[in-house]
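Chemist: Okay, here's the structure, questions in a sec.
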Amino acid sequence: MKLDFIKMHGCGNDYIYIDCFRHKIHNPGELAIKLSQRHFYIGGDGIILVGPSEKADASMRMFNADGSEGKMCGNGIRCVAKFVYDNNISKNNPLCIETPAGIKKIKLEIQNDKVVRATVDMGTPSFTPDSIPVKSASNKPIIGETIFVGTHYHKVTCVSMGNPHCVLFVPQDFDLKNFDIQSAGPRFERDSIFPERVNTEFVKFIDKTHLEMRVWERGSGETWACGTGTCAAVVAACENGLCDKNTDVKVKLLGGELTIRYTDETVYMTGEAVEAFRGVIDIDY
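Rendered as structure tokens:
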């Protein structure tokens with residue numbers, strides 16, 4: 107089978123986008139494992155299937171590089187919106203995209219009839235332990251609380267943005283750039299306190315409108331950016347008194363910068379959506 111694809115990224119968070127208006131994918135998890143390999147196939151943090159929806163302009167499903175499915179992908183949904191608009195599937199602005207975490211509204215920034223940036227209404231964060239999920243003896247939200255992971259105690263905030271997140275704030279003199287995330291990330295991801303594994307954000311507070319972050323994503327390892335993780339970081343910063351609600355907070359990531367605004371009603375995420383290249387690959391079914 108010849109499979110058309112588009113390689114796209116948001117702040118270096120790169121996925122392989124497949125048009126499921128035309129293609130029918132029977133084994134997306136296996137396909138994600140194969141195509142995500144950077145030395146032998148296309149390479150990416152996973153695949154995203156863009157298809158029809160009875161409730162919105164289009165639908166999306168995201169599969170990580172290990173084949174597991176994620177309910178939401180912040181950088182991915184901006185690129186899905188670009189995919190839908192640029193390929194004339196829908197010219198609505200804003201667009202509505204159906205995800206396993208609900209329908210998300212995306213406002214598009216257009217140049218020369220192409221989407222270059224987008225703002226996503228990411229919805230209301232949840233702190234309820236069962237919704238994340240994270241094990242909590244008291245079943246109370248874990249906001250600036252100390253938990254035991256691996257062999258150490260860590261002060262963390264746990265929040266769901268459609269995906270589970272554990273946010274740690276590191277000291278301002280911490281060497282985040284050279285931090286061994288390859289060792290720390292898996293300890294959090296696979297600790298028994300997180301029954302469905304977890305995405306972990308290591309965040310440095312710069313000032314009230316600037317954060318710096320590295321992220322370890324469940325199923326993909328370290329990525330250059332994570333949309334839901336960046337939202338979780340700003341939400342955690344506001345809940346812990348470091349940043350203010352209703353204010354644009356810029357978050358520096360390995361692959362670029364995202365702007366997050368946390369309000370009483372929702373979280374808005376703004377960032378780029380970039381097409382890298384298009385191609386065709388032969389796959390065996």
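Residue numbers (my numbering): 107 to 391. Heads up, the beta-carbon is just placed ideally off N, CA and C, and yes, glycines get one too. For clarity, every value in this text was computed on a predicted model and none was experimentally measured.
1. Could you give the uninterrupted runs of the beta strand (DSSP E) lying entirely in the segment 187 to 236, keeping only those of 3 residues or more?
2. Using a Cβ-Cβ cutoff of less than 6 angstroms, which residues in the same chain neighbour Cys332 once the five nearest sequence positions on both sides are dropped?
3. Mind checking Ala290: buried by the 16 CB within 10 Å criterion, or exposed?
4. Straight-line CA distance for Cys185 to Pro158?
5. Please list the segments of the beta strand (DSSP E) lying wholly inside the segment 222 to 304, counting only runs of 3 or more residues, in order along the chain.
6. Given this structure, state the Cα-to-Cα distance separating Asp281 from Ile124, to the nearest angstrom.
7. Do Arg225 and Glu215 have their CB atoms nearer than 9 angstroms?
8. Please name the residue in Ile153, Glu307, Lys177 whose C-alpha comes closest to that of Ser142.
9. With respect to the alpha helix (DSSP H) encompassing Gly335, which residues constitute its N-terminal and C-terminal limits?
10. Could you round the C-beta distance between Phe311 and Ala343 to whole angstroms and report it? I think they count as a contact, below 8 angstroms.
11. Hey, would you say Asn133 sits closer than 9 angstroms to Trp330, going by beta carbons?
12. Could you say if the segment 383 to 391 and the segment 236 to 243 meet the contact criterion of at least three C-beta pairs nearer than 8 angstroms?
13. Excluding the 5 residues preceding and the 5 following Lys211 in the sequence, name in chain order all residues of the same chain whose CB lies nearer than 6 angstroms to its CB.
14. Can you tell me the Cα-Cα spacing of Cys272 and Thr252, whole angstroms?
15. Would the beta-carbon of Gln288 fall within 9 angstroms of that of Gly256?
16. Quick one: is Asp219 buried, meaning 16 or more other Cβ sit within 10 Å of its Cβ, or exposed?
17. Taking 9 angstroms as the threshold (C-beta atoms), are Ala207 and Asn269 in contact?
18. Which of the three DSSP states, helix, strand or coil, is assigned to Ala171?
19. Could you give the DSSP three-state label for Asn119: helix, strand or coil?
20. Within a Cβ cutoff of 6 angstroms, which residues of the same chain sit near Glu90, ignoring the five residues on either side of it in sequence?
21. What three-state label does DSSP hand Lys140 in the structure shown?
Modeler: Result, derived from the coordinates:
1. 201 to 205, 208 to 217, 220 to 227
2. Taking the sequence shown and counting its residues from 1, one reaches residue 332 at position 226. Excluding residues within five positions, the ones whose Cβ falls inside 6 angstroms are Val321, Glu323.
3. The sequence position of residue 290 within the sequence shown is 184, counting from 1. Its Cβ being crowded by 16 or more others within 10 Å, Ala290 is buried.
4. Stepping through the sequence shown from its first residue, residue 185 is reached at position 79. Stepping through the sequence shown from its first residue, residue 158 is reached at position 52. Looking at the two C-alpha atoms, the distance is approximately 16 angstroms.
5. 249 to 255, 258 to 266, 270 to 276
6. Taking the first residue of the sequence shown as position 1, residue 281 is located at position 175. Taking the first residue of the sequence shown as position 1, residue 124 is located at position 18. Answer to the nearest angstrom: the Cα atoms are 38 angstroms apart.
7. The sequence position of residue 225 within the sequence shown is 119, counting from 1. The sequence position of residue 215 within the sequence shown is 109, counting from 1. According to the sequence displayed, residue 225 carries Thr and not Arg. Taking 9 angstroms as the Cβ cut-off, Thr225 and Glu215 qualify as a contacting pair.
8. Numbered from its first residue, the sequence shown carries residue 142 at position 36. Comparing Cα positions, the closest option is Ile153.
9. Indexing the sequence shown from 1 puts residue 335 at position 229. Run containing Gly335: 333 to 345, per the alpha helix (DSSP H) assignment.
10. On the sequence shown, residue 311 is found 205 positions in, with the first residue counted as 1. On the sequence shown, residue 343 is found 237 positions in, with the first residue counted as 1. Confirmed, Cβ separation roughly 7 angstroms.
11. In the sequence shown, counting from the first residue as 1, residue 133 sits at position 27. In the sequence shown, counting from the first residue as 1, residue 330 sits at position 224. No, the Cβ-Cβ distance between Asn133 and Trp330 is not below 9 angstroms.
12. no
13. Your numbering for residue 211 matches position 105 in the sequence shown. Cβ neighbours of Lys211 beyond the five flanking positions: Pro200, Cys202, Asp227.
14. Indexing the sequence shown from 1 puts residue 272 at position 166. Indexing the sequence shown from 1 puts residue 252 at position 146. Rounded to the nearest angstrom, the two C-alpha atoms are 12 angstroms apart.
15. Position 182 of the sequence shown, counted from the first residue, corresponds to residue 288. Position 150 of the sequence shown, counted from the first residue, corresponds to residue 256. Going by C-beta atoms, Gln288 is not nearer than 9 angstroms to Gly256.
16. Residue mapping note: residue 219 aligns to position 113 of the sequence shown, counting from 1. Exposed, because fewer than 16 other Cβ atoms sit within 10 Å of the Cβ of Asp219.
17. The residue given as residue 269 occupies position 163 in the sequence shown. The residue given as residue 207 occupies position 101 in the sequence shown. Yes, these two residues count as a Cβ contact at 9 angstroms.
18. If you number the sequence shown from 1, residue 171 lands on position 65. The answer is coil: DSSP assigns Ala171 none of H, G, I, E or B.
19. Counting from 1 along the sequence shown, the entry for residue 119 is found at position 13. Strand.
20. Since the displayed the chain opens at 107 and closes at 391, residue 90 lies outside it and no answer follows.
21. Taking the sequence shown and counting its residues from 1, the one referred to as residue 140 is at position 34. Helix, per DSSP.
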